[in-house]
Amino acid sequence: MQVWKFGGTSVGKPERMHSIRNLITADNGQKIIVLSALSGTTNALLSIAESLKANQADEAVEKMEHLKAHYDTFVRELYKTSEGLAKGQQIIENEFSFIRSLTRIRPFTLKQEKELVAEGELLSTQMFQAYLEEAGEASILLPALEFMRIDADGEPELDFIERKLREMLRAHLDKKLIVTQGFICRNPRGEVDNLKRGGSDYTASLIGGAIRADEIQIWTDIDGMHNNDPRIVKRTFPIRELTFEEAAELAYFGAKILHPSTITPAKLYGVPVRLKNTMDPDAPGTLIATKTSDQVFKAVAAKDGITALYIHSLRMLNAYGFLRRIFEVFEKYKTPVDLITTSEVSVSVTVDNTENVPLIMNELRTFCDLEEPDYDQTIICIVGNFSADNAGIALQVLKALEGIPIRMISYGGTEHNISLLVHGRYKAEALNALNEGLFALKEA
Ligand code: ADP
Ligand code: ASP
Ligand code: MG
8 MQVWKFGGTS VGKPERMHSI RNLITADNGQ KIIVLSALSG TTNALLSIAE
58 SLKANQADEA VEKMEHLKAH YDTFVRELYK TSEGLAKGQQ IIENEFSFIR
108 SLTRIRPFTL KQEKELVAEG ELLSTQMFQA YLEEAGEASI LLPALEFMRI
158 DADGEPELDF IERKLREMLR AHLDKKLIVT QGFICRNPRG EVDNLKRGGS
208 DYTASLIGGA IRADEIQIWT DIDGMHNNDP RIVKRTFPIR ELTFEEAAEL
258 AYFGAKILHP STITPAKLYG VPVRLKNTMD PDAPGTLIAT KTSDQVFKAV
308 AAKDGITALY IHSLRMLNAY GFLRRIFEVF EKYKTPVDLI TTSEVSVSVT
358 VDNTENVPLI MNELRTFCDL EEPDYDQTII CIVGNFSADN AGIALQVLKA
408 LEGIPIRMIS YGGTEHNISL LVHGRYKAEA LNALNEGLFA LKEA
């Protein structure tokens, strides 16, 4: 069995849903189809939530009606028969009646916000599965809220997901197409929750791992993982093969094509991940598994919104136990550290999640000197084959970045990654400079 995930733009228009149907029925294999919300819907729902939080019910209702009008038009083009259309309209009425009911709930809390934002995937999957039914395809809708669960730390409960999903699938062995929602899940309190923005990729991988799928396919609007961020850099190109480790680094360090955690379950269970382009299904895309090419520089990614903390030991030289004490503080506040650079008496670290930074700093101050943190930093991550025996690799990177101030450099953590910290204002310049300096670009 394969798991195929279609992102927002891949389901964002009725004709896209029509072409997805052709794609998923082109062969006879049984598939789990994971869908995101239609493009723009999650943002629209979050904007409605902002209005409700600010007690602006009229504004919220206006936004709701605007969004509903989009769905009313969408279903008129999606379905071919009057029965299909009636079914689609019923789905929209049901979901929007729930959405409207949220205006009556005061105060509007995070719990309601998560219920509201889940509506995007609840709408897209019901509409699509009804369309498959109208077209006579043997299909079923599997509610993700029944099998996708996270723990108190927001981590997926792998054992539960596997047990529950397998049990639910046993009842539908005759169905060729099993449609489910990406992104949404339940938390330990039984409330509706989610896997964070872009989380449908993660859903697909969690499902693929749980059922030991033959392959997980992530269908999006570009022909695979590019060597650099195509939103910022002009001449980027797709990479045909990546290892799980390389892809995980790129996803974690900002390659938006994949949710940062997507590769973890796929790698754990050894399920290959293929990135494909819905707009150009014949393009080869990217295969993420165990093979890679032996090029030195493979790809660059960038992660924004990083905070750098500068920590100095109060005792001078030879203070063992200092690093352990520092990292215990980060552990206590469940704050992952991304980059670390050290000297004998000082440590600089970067964090992505700043929620607990004030508490962390208060505690560090009891045994360290701290400088003012730097906010709005960007990690630039370069992935490739950086064998320790090869000379000149760091030189090439630094030469490409000549003229850009660098705050931290991390090299040697693995043979596959060089990471640097620059101020966010240099991100675009740094990505472009690395593209020119590290890749043999053919003239367009
Ligand atoms: P979906 O809605 O299908 O999940 P996303 O917008 O989340 O799609 O991801 C696809 C987008 O990721 C692409 O359109 C591209 O702009 C962006 N992107 C950023 N970095 C990369 C990269 N290294 N390779 C490919 N796409 C990237
Ligand atoms: N719809 C969610 C989002 O926009 C999840 C996803 O698209 O992967 O973040
Ligand atoms: Mg995405």
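All letters in the sequence shown, in the order written, are residues 8 to 451 by the working numbering. From the three backbone atoms N, C-alpha and C, an ideal C-beta is built for every residue, glycine too.
For residue 294, the pairing in a beta bridge is given by DSSP as 248, 281.
By DSSP's assignment, residue 415 forms a beta bridge with 428.
The chain-ordered list of residues whose CB is nearer than 6 Å to some heavy atom of the ligand MG reads 14, 205, 208. Relative to the ligand ADP, residue 423 has its C-beta separated by 6 Å or more from all heavy atoms.
Between the C-alpha atoms of residue 328 and residue 426 there is a straight-line separation of about 26 Å. For residue 43, the shortest separation between its Cβ and any heavy atom of the ligand ASP lies below 6 Å. Counting the other Cβ atoms within 10 Å of the Cβ of residue 97 gives fewer than 16, which makes it exposed. The shortest CA-to-CA distance from residue 227 to any of 14, 444, 446 is the one to 14.
Shown here for residue 25: not one same chain residue has a beta carbon closer than 6 Å to its own, the five before and five after excluded. DSSP assignment within the segment 310–395 yields the following whole alpha helix (DSSP H) runs of 4 residues or more, N-terminal first: 329–339, 364–371. Here the distance from the Cβ of residue 49 to the nearest heavy atom of the ligand ASP is below 6 Å. Inclusion of residue 227 in the 6 Å shell around the ligand ADP follows from its C-beta lying nearer than that to a non-hydrogen atom of the ligand. Its Cα nearest to that of residue 63, the residue 113 stands out among 79, 113, 20. Within the DSSP bridge table, the entry for residue 195 names no partner. Taking 6 Å as the cut-off, the C-beta of residue 238 counts as close to a heavy atom of the ligand ADP.
The criterion of a C-beta distance shorter than 7 Å is not satisfied by residue 224 and residue 305. Looking only at 89, 376, 183, the smallest Cα-Cα distance to residue 31 is reached by 183.
Counting along the chain, residue 13 sits inside the beta strand (DSSP E) bounded by residues 9–13. For residue 147, the enclosing beta strand (DSSP E) stretches over residues 146–149.
In this structure the segment 345–353 does not touch the segment 289–308; the number of beta carbon pairs closer than 8 Å is below three. Nearest to residue 384 by alpha-carbon distance, out of 141, 358, 28, is 358. Between residue 121 and residue 108, the alpha-carbon positions lie close to 14 Å from each other. Per the coordinates, the alpha-carbon of residue 313 lies some 45 Å from the alpha-carbon of residue 34.
The Cβ atoms of residue 342 and residue 360 lie closer than 7 Å to each other. Under the Cβ criterion (8 Å, minimum of three pairs), the segment 245–252 does not count as touching the segment 173–192. Residue 48 carries a helical assignment under DSSP once its states are collapsed to helix, strand and coil.
Ranking 158, 132, 278 by CA distance to the CA of residue 207 puts 132 first. Short of 7 Å from the beta carbon of residue 36, and not among the five residues preceding or following it, lie these beta carbons of its own chain, in chain order: 9. With a contact defined as Cβ atoms closer than 8 Å, residue 44 and residue 127 qualify at about 3 Å. Using a Cβ distance threshold of 7 Å, residue 381 and residue 315 count as a contacting pair. In the DSSP assignment, residue 201 is bridged to 191. Contact between residue 388 and residue 439 does not hold, since their C-beta atoms are separated by about 16 Å, which reaches or exceeds 8 Å.
Assignment of beta strand (DSSP E) within the segment 143–187, counting only whole runs of 3 or more residues, yields 146–149 in chain order. The secondary-structure analysis by DSSP pairs residue 440 with nothing; it has no beta-bridge partner. The nearest non-hydrogen atom of the ligand ASP is 6 Å or more from the C-beta of residue 161.
A buried status is given to residue 233, since no fewer than 16 other beta-carbon atoms sit within 10 Å of its beta-carbon.
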